[in-house]
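The block underneath contains the structure these notes are about, expressed in structure tokens.
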Amino acid sequence: MLITPEISTLMTLVLYAFAGVAGLVGMMVKNRTLRALAASVAACGFILQTVILFMGFHTQAAGGLSVGAYLQMLAWFLMLCGLVLWVVVHQEIPLLFGSLLALILFGISARQLEMVVAVPKGLAAPFYALHVGALYISLALIAISFVSGLLFLYLDTRLKNKRHLPRVLSDIPALNILDSINNWGTLAGFPLFTIGIVCGLFYAKPVYGSTMNGDPKEIISILIWVCFAFLFYKRIAQGWRGRKPARLMVAIFALSLFSIVVVNLFMNSHHAFVRI
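Numbering-wise, this note's numbering puts 45 at position 57 of the sequence shown, and it's gapless, one number per residue.
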């Protein structure tokens, strides 16, 4: 094979790094051409990573799929959501910040190749894929919405205090666009998160003996779902906009990060990462 998994991963890493840095520079100098170039390079990185996935470079390790592979899959879903939002809201920002987040995930994944997420033998592959896929897309949307929420809160505060923005953020989208990104993340992310949770709970009984067994991952996931459901309801039924939904999305992201890092690494859970 002319292109090894290591080389292809490095190529993807370089493309995401270039896209993220070029995008930030394009924002600093208010250069639309540079931002468009960065977005195109990010799309090329996504295509390359897609080829890597389809060629099966991430084969299952003994006992399960490596944590590094899971993180790179999450980066792929993150870029997918960034591309979709780029098309929907006609802004490069979701894709450019998605590139930076994907770059971070790729960097972390290189040190997590000796840890696996054990896949129960009794879990049917299609339903496991649906469970993981739906949750990964929703987590990617949460991450992008988190960034847009933070930018919204920061920009709104600076404008209210009549303070100038730093040069690096002088070309960020208007408040209504940032709120729109957050809104799309909620409208698409909550149904997908619900599908992932329901699928996991429904098929937990034949695998673990009961639908709910007090697993820390289950508890924190239900808490995230409740917060997400509240945000979804407020957005749909009451037309929530502005700072409140942005703050709540930041909180949802923090809970999701706690679930991925603390629960999977430091707690006794069916979803815990195991070193091989």
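Note that CB positions come from ideal geometry on N, CA and C, so glycine has one too.
Does the distance from the C-beta atom of residue i to that of residue j stay below 8 Å?
i, j, result
"V135", "F85", "yes"
"G11", "R20", "no"
"W74", "A128", "no"
"G70", "I130", "no"
"I165", "V238", "no"
"T0", "F94", "yes"
"L25", "L3", "no"
"K205", "V251", "yes"
"A122", "I183", "yes"
"I169", "P82", "yes"
"S97", "G33", "no"
"L88", "G8", "yes"
"L175", "R223", "yes"
"H119", "G188", "yes"
With a threshold of 8 Å on Cβ separation, who are the neighbours of residue i within its own chain once the five nearest residues in sequence on each side are excluded?
i, result
"I212", "F181, I240, L243, S244, S247"
"I(-5)", "none"
"I207", "none"
Here's a check: name, in chain order, each residue in its chain whose Cβ is nearer than 6 Å to the Cβ of residue i, leaving out the five neighbours to either side.
i, result
"F6", "V29"
"C215", "I240"
By the DSSP assignment, the alpha helix (DSSP H) with residue i in it spans what residues?
i, result
"A162", "Looking at the DSSP string, A162 is not in any alpha helix (DSSP H), and its letter there is neither H nor E."
"Q226", "204 to 226"
"S247", "Taken as a continuous stretch (DSSP letters only), S247 belongs to no alpha helix (DSSP H), as it is neither H nor E."
"Y37", "In the sequence as presented, Tyr is not what sits at residue 37; that position holds Gln. Segment 20 to 42, the alpha helix (DSSP H) holding Q37."
"G86", "81 to 97"
If I measure Cβ to Cβ from residue i and keep anything under 7 Å in the same chain, skipping five residues before and after, which residues do I get?
i, result
"D167", "F140, R229, G230"
"A63", "A90, L93, F94"
"G14", "L22, R23, A26"
"L236", "C215, L219"
"Q79", "P161, I165"
"N171", "R223"
"Y124", "M61, L62, F65"
"S209", "I185, S247"
"M(-11)", "Bear in mind that the predicted position of M(-11) carries a pLDDT of just 46, short of 50, making it unreliable; the figure below should be weighed with that in mind. Nothing listed; no residue qualifies."
"D144", "L163, R231"
"A217", "F178"
Open item on the list: Using a Cβ distance threshold of 8 Å, determine whether the region 35 to 44 contacts the region 122 to 140, with at least three qualifying pairs required.
Closed with: Flag = no, the region 35 to 44 and the region 122 to 140 do not touch.
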